[in-house]
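This report concerns only the one structure given below.
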Amino acid sequence: MMSISKPKTAGAAASYFSTHLREGAAEKGQVEDYYAAEGDPGKWVGGGLERVGLQAGEIRDGEFARVAAGISIGGEKLAQNAGDPDRRAGWDCTFSAPKGVSVVWALADDERRVAVEEAQEKAVHAALRMLEGKAFFARTGRDGEVAQQARLVAATFRHGTSREQDPQLHTHAFVMNLAVRDDGKVSSIDPRQMMRWQKAIGAAYRAELAENLRGLGYQVERDGDAFRVVGVSRAIEAEFSQRRQQITARLQELGLRDAKSSENVALETRRAKAIVGQLELERQWTARAEALGLTPEAAAELRGDEPGRPLELLKAGELLDKLTELDAVVDERKIYQAAAEAAQGAGGIRDATRLAETAKLLAVPLYDHVGGRTLYTTREMLAAEQSVLQIACARAQESAHRLSPQVVEKAITAMQAERSTGGAPFRLRAEQRDAVLALTTNQGATALMVGDAGTGKSTALAAVREAYLSQGFSVIGAALAGKAAAELQAGAGIQSSTIDRLLIDVDGGRTVLNSRTVIVLDEAGMIDSRKMARVSQLARDAGAKLILVGDHKQLQPVGAGATFRHLAAEQPVARLQQIGRQREQWAREAVREMSRGEAEVALSKFIDRGLVRVERTHAAAVRAAADRFVMDRGEVGAERVQAIGATNAQVRDLNSEIRERLKASGEIRDPQEIQVRDGKDPEKPAKLELAQAERIVITRNENRLGLKNGDFATVQWVSRNAVLLRLDRTGETIEVDPRKVAMRHGYAATTHRLQGATVERAIVLGSEHTSREMAYVQASRARGETRWIFSGEKVRKLEESAGVKPGSEQQMIERLRGALDAMSKSQQKASTLDFKVADPAPPSPSHIRSMEESLPQRGEGMAL
445 MMSISKPKTA GAAASYFSTH LREGAAEKGQ VEDYYAAEGD PGKWVGGGLE RVGLQAGEIR
505 DGEFARVAAG ISIGGEKLAQ NAGDPDRRAG WDCTFSAPKG VSVVWALADD ERRVAVEEAQ
565 EKAVHAALRM LEGKAFFART GRDGEVAQQA RLVAATFRHG TSREQDPQLH THAFVMNLAV
625 RDDGKVSSID PRQMMRWQKA IGAAYRAELA ENLRGLGYQV ERDGDAFRVV GVSRAIEAEF
685 SQRRQQITAR LQELGLRDAK SSENVALETR RAKAIVGQLE LERQWTARAE ALGLTPEAAA
745 ELRGDEPGRP LELLKAGELL DKLTELDAVV DERKIYQAAA EAAQGAGGIR DATRLAETAK
805 LLAVPLYDHV GGRTLYTTRE MLAAEQSVLQ IACARAQESA HRLSPQVVEK AITAMQAERS
865 TGGAPFRLRA EQRDAVLALT TNQGATALMV GDAGTGKSTA LAAVREAYLS QGFSVIGAAL
925 AGKAAAELQA GAGIQSSTID RLLIDVDGGR TVLNSRTVIV LDEAGMIDSR KMARVSQLAR
985 DAGAKLILVG DHKQLQPVGA GATFRHLAAE QPVARLQQIG RQREQWAREA VREMSRGEAE
1045 VALSKFIDRG LVRVERTHAA AVRAAADRFV MDRGEVGAER VQAIGATNAQ VRDLNSEIRE
1105 RLKASGEIRD PQEIQVRDGK DPEKPAKLEL AQAERIVITR NENRLGLKNG DFATVQWVSR
1165 NAVLLRLDRT GETIEVDPRK VAMRHGYAAT THRLQGATVE RAIVLGSEHT SREMAYVQAS
1225 RARGETRWIF SGEKVRKLEE SAGVKPGSEQ QMIERLRGAL DAMSKSQQKA STLDFKVADP
1285 APPSPSHIRS MEESLPQRGE GMAL
């Protein structure tokens, strides 16, 4: 991996150099790493060395501090604040080898150890050349607003141990805040691109290291986006990862996962290394490895006489398809990152570069006028999104599905009479009536209704259904999720299925579409562009009417693209804005403010009513949320309260803490560990501890059992081979074989799982990942109270996102108010329709071949 530290001042950099990176006299006992003191004096690298009076190679006395101060070796001041100990000196970029590499290095003899060290050094230097070629820019122009590509100056230092004295081969590359421009001038670095390219550069480093090790005779295998050395077991990797385990435990306590938080926690939990001699370290490493079955002799045998077998490298088209599964457009950085990850064990940086550049050639370039950059998509994605808009525009004037106002009014009257009970007549609101008329009498063969959360979209659709059925049309519904489809069916009376099921049934002839068919797509704002295009094309080809219903201000599609908001901007739209879900006026106002991205105004309403609290740590916030959940459960009932997390990790923490309280109170008794299906892999079993009266959620459609992905239920009784469930959605009781059903605890759920749900009370665990869309959904789930619980760490993260200077612990609630700009930031999915096509002409096969031939081949040198 590659990590980038916070910028260091010149004074701090000089101290860091002497006490951590390198010390001239190892016998002083100040060096943190034995192998840094005796093995690597440090080396200068980078294309800007000559300009500052340096030569590639060993760092000589006094050079590091002088250059960090912004002064050349010849005495020239290279920066306006040169010599100031508080000037920003640079960034420490650390390249850490996968643990298996450190293990074979630790157990190797001198010859093999040097070979592994050389493989590490070559990989780091190659990665730095990529950083220099792709992500290293000088700040120029007025206020440094212009970025100009430049050459870097960096000092590298190889270390071999972690703070817990585990073997950890890593290299510090201290990148000086000196960007050497083509005109010979030296400017400050613009670090933003370096930070954005961090993952791509890190992946390229790993690919190059894997290739170098393969050349030494080691066999490697892919491990997610990294690689492992074949023959080093997971148990041995875990044994020598004590420092990582410390950091992970602290991150879990704080509820943090990102790289920057990992760095901060590493600094927070660091302690001075004990100075242990080389022989003692090697004795300890050998004993620990032998205890797990890996002797130095066995480790030596992992290196064969011939180069290790390379894995297969993806083709450029496959890489683009993979990249655009979830995103309609990607930038060059993402392409390079994916190419480098694909190259783990299959090639080095040269091969990753060939793959990335060929993928760019195959892609369609798009120009981002706002960001001033080029983005890329596939021709298939571009055609899909354009077809949705083109079909809607072409069918806007079709009149075959337009009904007379008299017919629609009669249908509304019938629907209202059906829903009236006793002495309480049911009436559509005026805007619902207008929406029904617009969808049936005014709009063409593609019709849209946009409704805010809780405005009664399903109720309006019930009248639309009644109107079309009265004239001999068939009305079918579909939604992305099984639960959403079931709720459309329950709320509007429209026979519904998932979109995937609809497409399968149409392709198989089980569902026949024609000009007398009306298709209602619910939660259309969450439908990705490929599915939207497929349904649009089917409706057009059959002459059927397509009604799209949703709210593009709520959660975005999981898949690539987002065409619904473009349709809503281009086509006539029926709108519902009067919120009816929340009982109190202030809560309805807060939901409306959240929908507009006014998070500070909205959440202040909750703060003023005592519905927001901040705990010190994530663990404390989870405990507080669990306490509140149990209290609310006792007041309003187990099925009417829901805890909400932004991530699956938050949900797991909440479910675990809530269950501990229910066990302690005796509400959960005699739980059994049973086998259930895995939600992602239906063939893979999973374990679940379950007892009577527990709340669960179904995580995969089981249509033959009448279970939908997202269904919540209460356990009536449980055995190893059977579980009796009472479904919230229907109230029915159903016995299932748990081994054939994907389920997990359902006291807490993610925001995505709860879009469209309605509960009495909600407890939201705050997160720095909360966007405008997510906050809107979270605030709009409950009819009654919604409470928000944040941790101090999450408030600090929100402050960082909002660019707010952190305050004191005592002002945490007020600090939260000031940090809520982060929750006002939209995370709307990008669409190819947002950008201008820069070059629509596809490259010819000969052009692609010539491009591939011009790129460096495996084993060739290249300048990045």
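When you read off a place in the sequence shown, starting at 1, and then add 444, the result is the number in this note's numbering.
Glycine included, every Cβ here is placed at the ideal spot set by N, Cα and C.
Just mark residue i as buried or exposed, buried being the case when its beta carbon has 16 or more other beta carbons within 10 Å.
i: H614; result: buried
i: E652; result: buried
i: W729; result: buried
i: A930; result: buried
i: T865; result: exposed
i: Q1094; result: buried
i: I1257; result: exposed
i: V1066; result: buried
i: P1126; result: exposed
i: K643; result: buried
i: H813; result: exposed
i: R1060; result: exposed
i: F870; result: exposed
i: Q887; result: buried
Taking 6 Å as the limit between beta carbons, can you name the residues of its chain near residue i, skipping five residues before and five after?
i: V1017; result: L892, V894
i: A906; result: M859, A936, G937
i: L1308; result: Only weak support exists for where L1308 lies, its pLDDT of 27 falling under 50; the coordinates are left without a value.
i: A457; result: A512, A533
i: R823; result: V808
i: E1133; result: P1115, E1117
i: G952; result: none
i: G659; result: P751
i: V676; result: G544, V547
i: A743; result: V548, L551
i: G987; result: S959
i: I448; result: W535, C537, Q642
If contacts are defined as beta-carbon pairs under 8 Å, then residue i and residue j qualify, I think. What distance do you get, rounded to the angstrom?
i: G921; j: L932; result: 5 Å
i: E785; j: D669; result: 4 Å
i: V773; j: F1279; result: 7 Å
i: V908; j: L883; result: 5 Å
i: A783; j: L799; result: 4 Å
i: S631; j: T584; result: 6 Å
i: I991; j: V950; result: In fact, because the Cβ distance is near 17 Å, the residues do not count as touching under 8 Å.
i: Y1220; j: M1038; result: 4 Å
Closest to residue i by CA distance: which of the options is it?
i: L767; options: G737, L806, V673; result: L806
i: E1117; options: E1127, G1110, S1109, Q1136; result: Q1136
i: Q1199; options: Q998, Q499, T1091; result: Q998
i: Q834; options: Q1015, R1019, E741, V1066; result: Q1015
i: A840; options: T890, E1033, R863, K854; result: T890
i: H1062; options: K1241, G519, E750; result: K1241
i: G490; options: Q609, A570, T802; result: A570
i: G1041; options: N525, T1194, S1215; result: S1215
i: A874; options: Q499, A598, T899; result: T899
i: G486; options: G1081, Q499, I503; result: I503
i: A682; options: M638, L723, P611; result: P611
i: L1168; options: G1175, R954, Q1160; result: Q1160
Can you name, in chain order, every residue of its own chain whose Cβ lies under 8 Å from the Cβ of residue i, other than the five neighbours on each side?
i: Q1000; result: G969, M970, A1006, E1217, Q1271, Q1272, K1273
i: T885; result: R846, L847, S848, P849, V852
i: E1083; result: R1139, F1156, T1158, D1172
i: K472; result: Any reading at K472 is ruled out, since the residue's pLDDT is 40, under 50, leaving its predicted position unreliable.
Identify, in the order they occur along the chain, each residue of the same chain with its Cβ nearer than 7 Å to the Cβ of residue i, setting aside the five sequence neighbours on each side.
i: K1128; result: D1122
i: Y811; result: T818, F1279, K1280, A1282
i: F1073; result: V1085, A1087, I1102, Y1191, I1207
i: D1114; result: A1135
i: V496; result: V511, S516, I517, L522, V597, L622
i: D995; result: V894, G895, D896, A897, G969
Complete beta strand (DSSP E) runs within the stretch 1010 to 1078 (minimum length 3 residues, chain order): 1018 to 1020, 1056 to 1059
Runs of beta strand (DSSP E) lying entirely within the stretch 484 to 549, each at least 3 residues, in chain order: With a minimum length of 3 residues, the continuous beta strand (DSSP E) runs that stay inside the stretch 484 to 549 are 487 to 489, 532 to 540.
Beta strand (DSSP E) runs contained entirely in the stretch 1183 to 1223, provided each spans 3 or more residues: As summarised for the stretch 1183 to 1223, the continuous beta strand (DSSP E) elements at least 3 residues long and confined to that stretch are 1187 to 1189, 1192 to 1194, 1205 to 1209, given in chain order.
Entirely enclosed beta strand (DSSP E) segments - the stretch 598 to 655, minimum 3 residues: 598 to 605, 611 to 620
Alpha helix (DSSP H) runs wholly inside the stretch 844 to 900, at least 4 long, in chain order: Along the stretch 844 to 900, the alpha helix (DSSP H) occurs as fully enclosed runs of 4 or more residues at 849 to 863, 874 to 881, listed in sequence order.
Segments of 3+ residues assigned as beta strand (DSSP E) that fall wholly inside the stretch 746 to 815: As summarised for the stretch 746 to 815, the continuous beta strand (DSSP E) elements at least 3 residues long and confined to that stretch are 808 to 812, given in chain order.
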